[in-house]
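Numbering (this note's numbering), first residue to last: 1 to 156.
Take a look at the structure:
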């Protein structure tokens with residue numbers, strides 16, 4: 001498992017390929033990768049920038065814990081989470097989540113679980129700046145509320 005937070009611009013696919021080189025060859029049959037980028041809209045407003053802050057050390061520990069939960073719940077070999085913080089503009093990649101497993105279902109379920117945790121409960125603080133110059137703090141949000149608080153049901 002690898003988790004890190006950076007103020008540097010992300011190259012998500014480079015991060016995934018570099019991490020995959022550290023894994024045993026031929027052991028995984030599926031890798032699911034999620035890349036989240038900054039949008040230029042939120043809650044009906046046009047957004048021109050955002051600042052994402054975090055609590056160094058604590059944030060990484062929380063993410064490592066949820067990655068371990070995913071690896072315990074599904075047959076996942078390894079996970080990668082890289083999250084950007086600091087000032088960003090629309091289209092900037094903000095996060096990459098990857099999960100490697102022998103089978104795709106486990107990879108998909110683990111990746112979904114991790115990204116929903118990041119959207120719902122991870123200790124990040126996001127301040128958006130609208131095109132009108134207004135600033136507002138964003139509550140944690142998810143298209144699938146609660147998924148990180150329950151274990152997804154395994155199916156054959």
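Glycine is no exception: its CB is placed at the ideal position from the N, C-alpha and C atoms.
Looking at the strands, I want to know which residues DSSP matches up with residue i.
i, result
"residue 2", "80"
"residue 136", "128"
"residue 17", "Looking at the DSSP assignment, residue 17 forms no beta bridge with any residue, so it has no partner."
"residue 159", "This structure leaves residue 159 out entirely; the chain is present only between 1 and 156."
"residue 47", "130"
"residue 93", "37"
"residue 54", "124"
Going by other Cβ atoms of all chains shown within 10 Å of its Cβ, with 16 needed for buried, is residue i buried or exposed?
i, result
"residue 103", "exposed"
"residue 119", "buried"
"residue 125", "exposed"
"residue 155", "Low per-residue confidence applies at residue 155: pLDDT is 40, beneath 50, and the placement is therefore not dependable, though the value from the model is reported in the following sentence. Residue 155 comes out exposed."
"residue 17", "exposed"
"residue 109", "buried"
"residue 55", "exposed"
"residue 132", "exposed"
"residue 134", "exposed"
"residue 137", "exposed"
"residue 59", "buried"
"residue 91", "exposed"
"residue 13", "exposed"
"residue 8", "exposed"
Provide the residue span of the alpha helix (DSSP H) that contains residue i, from first to last.
i, result
"residue 8", "First-last for residue 8: undefined, no H or E at that position."
"residue 22", "Unbroken run through residue 22: none, as it is neither H nor E."
"residue 66", "58 to 73"
"residue 113", "104 to 120"
Could you check how far apart the C-beta atoms of residue i and residue j are, in whole angstroms? I think they sit under 8 Å.
i, j, result
"residue 23", "residue 88", "Residue 23 to residue 88, Cβ: 29 Å. No contact."
"residue 206", "residue 48", "No statement about residue 206 is possible, as the shown extent of the chain runs from 1 to 156 and does not include it."
"residue 106", "residue 75", "5 Å"
Where do the N-terminal and C-terminal ends of the beta strand (DSSP E) with residue i fall, by residue?
i, result
"residue 157", "What the structure shows of the chain is the stretch from 1 to 156, and residue 157 is not part of that stretch, so it cannot be assessed."
"residue 87", "86 to 88"
ask   = Given 8 Å as the limit, is there contact between the segment 63 to 73 and the segment 43 to 55, that is, 3 or more CB pairs closer than that?
value = No, they do not touch.
inquiry  = Could you check whether the segment 23 to 39 touches the segment 54 to 63, counting it as contact only if at least three pairs of C-beta atoms, one from each stretch, sit closer than 8 Å?
reply    = Three or more Cβ pairs closer than 8 Å define a contact, and the segment 23 to 39 falls short of that threshold against the segment 54 to 63.
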